[in-house]
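Take 0 as the starting number for the sequence shown in numbering that gives the first Met the number 0 and just add one per residue. Everything on this sheet refers to the single structure shown next.
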Amino acid sequence: MTGRPQRLGVMGAWGDPALQLLEDAYPEADLIQITDPIADAGGVDHLILCTQDLALAHFEALLRAGLPCTLLLRRPRAAADQLVFQRGLDWLAAALGPRLPTGWRLAALSAAAAEEISGLMGHPVTPLPGLPKISADRPVLPLDRRKEMQTFAFGTGSGPRETRRTRIDQYNWVRLRRLAVLHAADAQDRDLSDLVAYANGTAAAGPAARPASPPCVISVVPNGVGLGHVTRMMAVGKALQRECGARVIFWSFSRAAEIIRAAGFEVFLRQTAAHLDAHPPDWRQWETLEFAAALRQFRPGAITYDGATFDPFMIDALNQPGCGRCGVAWIRRGMLQRGSDAQLLEAEEYCDLVLEPGDVAISCDAGPTRTREAQFKGFSRYHYVPPVTLKPYLQSYDRRRAKRLLSLGMGRHCLVSLGGAFGNWEELRGLIEKHAAQQRVRLIWARSPLAPAPKGTSAQTDIRQLYPLGSYLAAFDGVISATGYNSFHELMLAYDGPVLLAPTNQDRLDDQVARASYAAERGWAELYRVDTPQPQEEIVARFMADVRRGARVAGRPDPQYGADEMARAIATLAARYR
């Protein structure tokens, strides 16, 4: 053997807990799921088959492969299966003969199972390497495979214990044993009793902790509207690097991958089914395998995901052998529109943590994250933090330096940042250009890195590709902006000039109208409503006059940022899976 990890070729049914638990039994090995012992023999050092049925089905191939082999022998799932269980052992014993082939071993999940099966077969049977006992406080989860849903009591840390239900087939048992103390509730299912006893571990088992090192976190970025998901995830990534020296790897479906790379992160640019014009089930199967390969290679302690809904490929990948030693943190923004589908909350069941980045307008949040609860929460815990933006991690320039970097001359300058919604604002654009010209204010249109340059702008207009905006805000005497999460909080928490908010309420976006209205009612910003028939020229005129006279706005919220707190929660989660 060289210095590389041992390569274990494992065979077992999809979702078999015994197959999954091998990850903790052999923590230094690479688990490679195989289907053909002969064809796959060249890529592995040792074979493990997770049932006697598989051993019988592939017996001749196992002999021809010539590799060391462990056959995991299992007890029956029901009393009615006892005869079939006995017959299968008899057939396997007859095939083996009086002596096991060189390098072969018979194993069981527990000492009791090993003793019983050894007596029935006449061959020595030994338990698998024991798993270390998990010491963390966890709820007790009664398991009964006859039931689709498992019910348990869950302590939230605040208030009474909750009764929760979950589906265990969506958990890799390497995760499950870290989430709960398992209890076999079906006395007839002896295989389940063995699995539970094995998964709960023993105090005498050797340590399975990974070597002490900074955690690795994989951040999955969806192909969302604009740069909101990317910006929040980069803020959390920067905080993780600062808090615990984490290695943060982005699995990005966003076209902003180059922005992420320029910020110093490792990036894997992925393609959605829509990007590839692929059949979604085929794409999902491929993405599952690719993501599982990344989990095995990098061995992250946590996956973070910022988006409204989960794609099943992530959970499917976590259930693959060698992929279960990893927590899941869902970074889920609030302020969804009132009519948003509450079904999206059900992804909580997949998660260890649901982290909500705070919103200064939370008191007017009427969306499902504030008014509804998930039917199935699994083992997830909810944690609310102050607003999350990139501002604390950016180099901020004073007014003179920012203007020089942007090549802005003397006079008043107003930033116009409407993002991807640029083409929907013809009336507003006309009013902006009219009153900017009257007030001798030069307009600087911010071009999104994901959007084409605007067309047909006036002579009083310059275009700059700015990202992130927060570093350069001091250069501007006023800002006209859409009301997405990031731009809103950058302006309300870190800017003291006049702001005109122009919200849009597309189906895929959060409730920008509610957020902008909240700020306008408190005198923090002017509000331009594209969806109202009322004349609004006076609003734009008043705003441009404020820009011209260099007005300053008092009373905006004191800056509080939550990325560091979120990073600490993720680092604590990753430590659970070390």
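For every residue, glycine included, the Cβ atom is placed at its ideal position computed from N, Cα and C. Remember, it's a predicted structure, so these values are computed and weren't measured experimentally.
Inter-residue distance for Ala-272 and Lys-402 is about 43 Å (C-alpha atoms, whole angstroms).
Fully enclosed alpha helix (DSSP H) runs of no fewer than 4 residues occupy 227-243 of the region 211-257, in order along the chain. Exclusion of the five residues before and after Ser-134 leaves no residue of its chain whose Cβ lies closer than 7 Å to its Cβ.
Counting only runs of 3 or more residues that sit fully inside the region 149-174, the beta strand (DSSP E) segments are 149-153 and 161-165, in chain order.
The closest CA to that of Tyr-304, considering only Asp-351, Arg-295 and Ala-473, is found on Asp-351. The residue from Thr-388, Ile-462, Lys-376 and Leu-46 with its alpha-carbon nearest to that of Thr-155 is Lys-376. For Ile-133, the three-state secondary structure derived from DSSP is coil. Excluding five sequence positions before and after Phe-309, the CB atoms of its chain that fall closer than 8 Å to its own CB belong to Trp-329, Ala-346 and Tyr-349, given in chain order. A straight line joining the alpha-carbon of Ala-261 with that of Leu-275 spans about 25 Å. Proximity to Arg-298 across Arg-577, Ala-79, Ser-109 and Asp-15 peaks at Arg-577, based on C-alpha coordinates.
Rounded to whole angstroms, the gap between the alpha carbons of Ser-253 and Gly-129 is 43 Å. Put simply, of Ala-92, Asn-485 and Gly-2 the residue whose alpha carbon is nearest the alpha carbon of Gly-225 is Asn-485. Straight through space, the alpha carbons of Asp-15 and Gly-121 are spaced by roughly 27 Å.
With 16 or more neighbouring CB atoms inside 10 Å of its own CB, Glu-564 falls in the buried class. Here the alpha carbons of Val-478 and Asp-461 stand approximately 14 Å from one another. Taking a cut-off of 8 Å for Cβ pairs, the region 191-201 and the region 400-416 do not touch, as fewer than three such pairs fall below it. Beta-bridge pairing by DSSP links Tyr-304 to Val-219 and Trp-329. Distance from the CA of Phe-249 to the CA of Gly-236, rounded to the nearest whole angstrom, comes to 9 Å.
Put simply, the backbone Cα of Asn-318 is about 47 Å away from that of Trp-444. The alpha-carbon of Val-124 is positioned some 16 Å away from that of Phe-84. A direct Cα-to-Cα measurement between Ala-93 and Leu-142 gives close to 35 Å.
The region 62-69 makes contact with the region 98-108: 3 or more CB pairs, one atom from each, lie closer than 8 Å. Taking Thr-162 as the centre and dropping the five residues before and after it, the same chain places the C-beta of Thr-150 and Ala-152 closer than 7 Å to its C-beta, in chain order.
Sequence-distant Cβ neighbours of Ala-524 in its own chain, meaning closer than 6 Å and more than five residues away, are Val-498, Leu-500 and Ala-518. Residue burial annotation: Leu-404 is exposed, with fewer than 16 other C-beta atoms found within 10 angstroms of its C-beta. In the structure shown, the three-state DSSP call for Thr-368 is helix.
Here the region 549-556 makes no contact with the region 278-290; the two share fewer than three CB pairs at distances below 8 Å.
Under the criterion of beta carbons closer than 8 Å, Glu-242 and Ala-570 qualify as touching, at roughly 6 Å. Short of 6 Å from the beta carbon of Arg-283, and not among the five residues preceding or following it, lie these beta carbons of its own chain, in chain order: Phe-312. Note: Glu-265 is bridge-paired with Ile-248 in the DSSP secondary-structure output.
Per DSSP, reduced to three states, the secondary structure at Tyr-383 is strand.
Look at Glu-536 here: in three-state DSSP terms it is helix.
Residue pairing from DSSP leaves Gln-437 without any beta-bridge partner. Listed as beta-bridge partners of Val-415 by DSSP are Trp-444 and Ile-479. Taken in chain order, the unbroken stretches of alpha helix (DSSP H) that lie wholly in the region 66-149 and span 4 residues or more are 81-95 and 110-120.
In this structure, the alpha-carbon of Ala-365 lies about 14 Å from that of Val-359.
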